[in-house]
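Trainee: Heads up: the sequence lines are chains A, B and C, in that order. Taking the UniProt record's numbering, I'd label the letters of the first sequence as residues 1 to 214. Taking the UniProt record's numbering, I'd label the letters of the second sequence as residues 1 to 214. Taking the UniProt record's numbering, I'd label the letters of the third sequence as residues 1 to 214.
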Amino acid sequence: MERLHFLYYVLDLAGTFAFAISGATAARKRNLDLFGICALAFTVACGGGIIRDLCIGAIPPAGLTNWQYLAASLFASALTVHFFPLVQRLKRPVLFFDSVGLALFAVTGAEKALHFGHNGQVAVMLGITTAVGGGVIRDVLLNRVPVIMEKEIYASAALLGAVVVVVGNQLPWVTANWAAVTALLLCFTLRILALYFHWNLPTPGSRKTDQDSD
Amino acid sequence: MERLHFLYYVLDLAGTFAFAISGATAARKRNLDLFGICALAFTVACGGGIIRDLCIGAIPPAGLTNWQYLAASLFASALTVHFFPLVQRLKRPVLFFDSVGLALFAVTGAEKALHFGHNGQVAVMLGITTAVGGGVIRDVLLNRVPVIMEKEIYASAALLGAVVVVVGNQLPWVTANWAAVTALLLCFTLRILALYFHWNLPTPGSRKTDQDSD
Amino acid sequence: MERLHFLYYVLDLAGTFAFAISGATAARKRNLDLFGICALAFTVACGGGIIRDLCIGAIPPAGLTNWQYLAASLFASALTVHFFPLVQRLKRPVLFFDSVGLALFAVTGAEKALHFGHNGQVAVMLGITTAVGGGVIRDVLLNRVPVIMEKEIYASAALLGAVVVVVGNQLPWVTANWAAVTALLLCFTLRILALYFHWNLPTPGSRKTDQDSD
């Protein structure tokens, strides 16, 4: 139990940091000012978790009350601003950090919803929300259609991770630790493979209307 | 009481289905992928209700916890994807389904707020929120100014429906069932008439600045 | 205590009115209809506060339950619509009202979070949220990147105000009234000076990519 709690805590912080990097990078690319960069880093990192906490009744949301999340976001912002040329030269750093955060948040989001006594469906829905919520808010604030709705398998990977957590928690012979680790690896691997091989979900609209996308 | 509860339940599901069709259609038109279509269908269908539930303290929100809402959204998505050419040939199907959902959600939203013991103003505000919230989120996600703020009488119809529910619940000689049905018919009729006759609320800005809309 | 409560109440209403003017003006400029103007006025005025109330567990949010907020928003909308030529001729009226509301909301938002027993970080974060939340929602609804992330010192002024409230409340020799008034004046002055002298936060991205802002 002690160890699970610690694993949960470390994963959550690592995911926060990963998403904050992704948010700060997007903000830096759009020439937002220093506050905008920090705010977007924090929003991407904690936005999904805050929505999750509101939905499960964890008041006040952990993202607001724990200084670690804020500190991780500010640290990620500082790194991004300072080493931006480096960050930009690395191949697809935003996408990589995004994938790490995606897997971590889908798992910890589903775990927390179960921990608060909600049913499997709530855990799956909020696992996905925790994982993709911050990115959706980022895209809405940067005034573009959320990338998760158009690009390579993304939220579907979060769905897989959350489902594995929920199923694993209902099988008597699987410990919660193993369920979490398995879910994490599956989600991250699926996402990275999708990026590498350009796996996409079917896009029903593109069969006929590929040319005239409005 | 039993019957009211059943009416409430059926109306809610029908509204969910109607809004999900509208969300899936909008997503399909923008060439989102399969997940995007399902996600937008669910968001339009349940987004307003989730905001309402957060505001009245119904934790976790019904949209997340009841499988029926999710099932209705996924079913509507499947229908929309499969029969899209048909859906598109029907005249203004999105607008029609939107009107059905609008009336249903304004009424059930106001009912639920009253049921949770909140005052008439909260019920009216959250009736409108339930009715138009999903559509506003849809438009924000699809990166356009919410259509409800520019087009034919829409939120005003939801306002009418919610007010009739609240007033009806305070008159001793009106049963809640009758108030709900009356509100439903009034809201739906007003919306359909507004669509047909192009009734608009006055637009103060258009008198002088019609040409230079920024 | 009585007096503090009254001060808190008056400040809150004045802030609501100021933000509603700003929301109604933005909506009027975009040629939204009468409902759109009232809705945007209310959203800018109460949106930040509603998010704050959801996060601190003040259910239902004060913005929905107190008729004064709604009345102030509708009154501000009516004034804006009726006297729009006048409002437009005044120099930067939106910016001025925005600054008043900013200072008032940063202070009352932080006060309310402390009053509900949350820690200083929550109070600072929610003071900022109360102050800038409505404006962010306005910009998202009007389909543009939130102005607070690009322009003159804005959210930073709210940060200053909220921090002064929190620090003032922890110093034994400072009354809450004095902390609030000091925070209010500091925040407002910083914002107005920033507007006048075009003070900006550093924009890390603008050093090299000034020309090609995407």
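Beta carbons: idealized from backbone N, C-alpha and C, even for Gly.
Between which two residues does the alpha helix (DSSP H) carrying Asp139 (chain C) extend?
Mentor: On the third sequence, position 139 is the one that residue 139 (chain C) refers to. Counting along the chain, the alpha helix (DSSP H) containing Asp139 (chain C) begins and ends at 120-141.
Trainee: So the alpha helix (DSSP H) His82 (chain C) belongs to, where does it begin and stop?
Mentor: Numbered from 1 along the third sequence, position 82 holds the residue referred to as residue 82 (chain C). Unbroken alpha helix (DSSP H) run through His82 (chain C): 67-82.
Trainee: Exposed or buried, what is Leu160 (chain B) when buried is set at 16 or more other beta-carbons lying within 10 Å of its beta-carbon?
Mentor: If you number the second sequence from 1, residue 160 (chain B) lands on position 160. Counting Cβ neighbours within 10 Å, Leu160 (chain B) comes out buried, since at least 16 surround it.
Trainee: Can you list, in chain order, the residues of the stretch 128-159 of chain C whose Cβ is nearer than 9 Å to any Cβ on chain B?
Mentor: Within the stretch 128-159 of chain C, the residues whose Cβ lies closer than 9 Å to some Cβ of chain B are Val140, Leu141, Leu142, Asn143, listed in chain order.
Trainee: Could you give the residue range of the alpha helix (DSSP H) that holds Ile50 (chain B)?
Mentor: In the second sequence, the residue the question calls residue 50 (chain B) occupies position 50. Where Ile50 (chain B) is concerned, the enclosing alpha helix (DSSP H) stretches over 34-56.
Trainee: With distances taken between CB atoms, is the gap from Ala41 (chain C) to Ala76 (chain C) smaller than 7 Å?
Mentor: Against the third sequence, residue 41 (chain C) aligns to sequence position 41. Against the third sequence, residue 76 (chain C) aligns to sequence position 76. Yes. Within cutoff.
Trainee: Let me know the secondary structure DSSP gives Trp178 (chain A) once reduced to three states.
Mentor: Numbered from 1 along the first sequence, position 178 holds the residue referred to as residue 178 (chain A). Here Trp178 (chain A) sits in helix by DSSP.
Trainee: Between the beta-carbon of Leu190 (chain C) and the beta-carbon of Leu95 (chain C), is there less than 7 Å?
Mentor: The count along the third sequence starts at 1 and reaches residue 190 (chain C) at position 190. The count along the third sequence starts at 1 and reaches residue 95 (chain C) at position 95. Against a cut-off of 7 Å, the Cβ pair of Leu95 (chain C) and Leu190 (chain C) comes out as no contact.
Trainee: Contact between the stretch 21-29 of chain A and the stretch 24-37 of chain B is defined here as three or more beta-carbon pairs at a separation below 8 Å; is this criterion met?
Mentor: Segments in contact, no.
Trainee: Would Arg28 (chain B) count as contacting chain A if we go by Cβ distances under 7 Å?
Mentor: Taking the second sequence and counting its residues from 1, one reaches residue 28 (chain B) at position 28. By this cut-off, Arg28 (chain B) is an interface position.
Trainee: In the DSSP assignment, the alpha helix (DSSP H) including Leu160 (chain A) goes from what residue to what residue?
Mentor: On the first sequence, position 160 is the one that residue 160 (chain A) refers to. Its alpha helix (DSSP H) spans residues 155-170.
Trainee: Just checking, does the stretch 129-137 of chain B make contact with the stretch 41-50 of chain B on the three C-beta pairs under 8 Å criterion?
Mentor: Touching, per the Cβ criterion.
Trainee: By the three-class DSSP mapping on this structure, what secondary structure does Pro202 (chain C) have?
Mentor: If you number the third sequence from 1, residue 202 (chain C) lands on position 202. Reduced to three states, the DSSP call for Pro202 (chain C) is coil.
Trainee: Nearest chain A C-beta to Asp12 (chain B) closer than 7 Å, yes or no?
Mentor: In the second sequence, residue 12 (chain B) corresponds to position 12, counting from 1. It does not; no Cβ of chain A falls within 7 Å.
Trainee: Identify each residue in the stretch 54-75 of chain C for which the Cβ-Cβ distance to at least one residue of chain B is less than 9 Å, and report them in chain order.
Mentor: Listed by position along the chain: Leu54, Gly57, Ile59, Pro60, Pro61, Gly63, Leu64, Thr65, Asn66, Trp67, Leu70.
Trainee: Count Cβ pairs between the stretch 50-59 of chain B and the stretch 108-123 of chain B that sit closer than 8 Å; are there 3 or more?
Mentor: Flag = yes, the stretch 50-59 of chain B and the stretch 108-123 of chain B touch.
Trainee: So which residues on chain B does Val122 (chain A) lean against when the C-beta distance must stay under 8 Å?
Mentor: Along the first sequence, read from residue 1 onward, the residue named residue 122 (chain A) stands at position 122. Those within 8 Å of Val122 (chain A) in chain B are Pro60, Leu64, Thr65.
Trainee: Taking only beta-carbon atoms, is Ala157 (chain B) less than 7 Å away from chain D?
Mentor: The structure shown contains no chain D; its protein chains are A, B and C.
Trainee: Quick check on this structure: which residue in C:Leu142, C:Gly120, C:Trp199 has the alpha carbon closest to the alpha carbon of Leu70 (chain A)?
Mentor: Start at 1 with the first residue of the first sequence, and residue 70 (chain A) comes out as number 70. Of the listed residues, the one whose Cα sits closest to Leu70 (chain A) is C:Gly120.
Trainee: Tell me which residues share the same chain as Phe6 (chain B) and place their Cβ nearer than 6 Å to its Cβ, disregarding the 5 neighbours each side in the sequence.
Mentor: Taking the first residue of the second sequence as position 1, residue 6 (chain B) is located at position 6. Excluding sequence neighbours, Phe6 (chain B) sits near nothing in its chain.
Trainee: Between the C-alpha atoms of Thr108 (chain C) and Ala180 (chain C), what's the straight-line distance to the nearest angstrom?
Mentor: Translated into positions along the third sequence, residue 108 (chain C) becomes position 108. Translated into positions along the third sequence, residue 180 (chain C) becomes position 180. Between Thr108 (chain C) and Ala180 (chain C), the C-alpha separation is close to 8 Å.
Trainee: Cβ closer than 8 Å: which chain B residues qualify as neighbours of Phe17 (chain C)?
Mentor: Residue numbering aside, residue 17 (chain C) sits at position 17 when the third sequence is read from its first letter. Correct list: empty, because the minimum Cβ distance to chain B is about 18 Å.
Trainee: For Ile50 (chain C) and Pro60 (chain C), I'd like the C-alpha separation in whole angstroms.
Mentor: Residue 50 (chain C) sits at position 50 when you count from the first residue of the third sequence. Residue 60 (chain C) sits at position 60 when you count from the first residue of the third sequence. Those two C-alpha atoms are separated by around 9 Å.
Trainee: When the Cα atoms are used, what is the spatial distance from Val166 (chain B) to Phe35 (chain C)?
Mentor: Locating residue 166 (chain B) in the second sequence gives position 166, where the first residue counts as 1. Locating residue 35 (chain C) in the third sequence gives position 35, where the first residue counts as 1. So the two alpha carbons sit approximately 20 Å from each other.
Trainee: Say the cut is 6 Å; is the CB of Tyr69 (chain A) nearer than that to a heavy atom of the ligand COA?
Mentor: As for the ligand COA, it is missing from this structure, which has no ligand bound.
Trainee: When the Cα atoms are used, what is the spatial distance from Thr129 (chain A) to Ile192 (chain C)?
Mentor: For this step, residue 129 (chain A) is matched to residue 129 along the first sequence. For this step, residue 192 (chain C) is matched to residue 192 along the third sequence. Using only the alpha carbons, I get a separation of about 39 Å.
Trainee: Step through the CB atoms of chain B and report whether any lies within less than 7 Å of the CB of Val81 (chain C).
Mentor: Stepping through the third sequence from its first residue, residue 81 (chain C) is reached at position 81. Yes, its Cβ sits closer than 7 Å to a Cβ of chain B.
Trainee: Using a Cβ cut-off of 7 Å (strictly closer), state whether Leu34 (chain A) contacts chain C.
Mentor: The sequence position of residue 34 (chain A) within the first sequence is 34, counting from 1. Leu34 (chain A) counts as touching chain C.
Trainee: Between Tyr154 (chain C) and the rest of its own chain, which residues show a CB-CB distance below 6 Å, the 5 nearest in sequence each way excluded?
Mentor: As a position in the third sequence, residue 154 (chain C) is number 154, starting the count at 1. Cβ neighbours of Tyr154 (chain C) beyond the five flanking positions: Ile148.
Trainee: Taking the C-alpha atoms as reference points, what is the distance between Val174 (chain B) and Ala14 (chain B)?
Mentor: Counting from one through the second sequence, the residue named residue 174 (chain B) turns up at place 174. Counting from one through the second sequence, the residue named residue 14 (chain B) turns up at place 14. Answer to the nearest angstrom: the Cα atoms are 24 Å apart.
Trainee: Can you tell me whether Val10 (chain B) is buried or exposed? The criterion is at least 16 other CB atoms within 10 Å of its CB, across all chains shown.
Mentor: Within the second sequence, residue 10 (chain B) is the residue found at index 10, counting from 1. Val10 (chain B) comes out exposed.
Trainee: Do you know how far the Cα of Asp139 (chain C) is from the Cα of Phe188 (chain C)?
Mentor: Against the third sequence, residue 188 (chain C) aligns to sequence position 188. Against the third sequence, residue 139 (chain C) aligns to sequence position 139. Answer to the nearest angstrom: the Cα atoms are 21 Å apart.
Trainee: Helix, strand or coil, according to DSSP, for Pro61 (chain A) in the structure here?
Mentor: Translated into positions along the first sequence, residue 61 (chain A) becomes position 61. Reduced to three states, the DSSP call for Pro61 (chain A) is coil.
Trainee: Considering only the alpha carbon of each residue, which of C:Glu111, C:Arg52, C:Ser156, C:Leu74 lies closest to Ser99 (chain C)?
Mentor: Taking the first residue of the third sequence as 1, we reach residue 99 (chain C) at position 99. Per the Cα distances, C:Ser156.
Trainee: Taking Cβ positions only, does Leu201 (chain B) come closer than 7 Å to chain C?
Mentor: Within the second sequence, numbered from 1, the residue matching residue 201 (chain B) stands at position 201. Output row for Leu201 (chain B): interface = yes.
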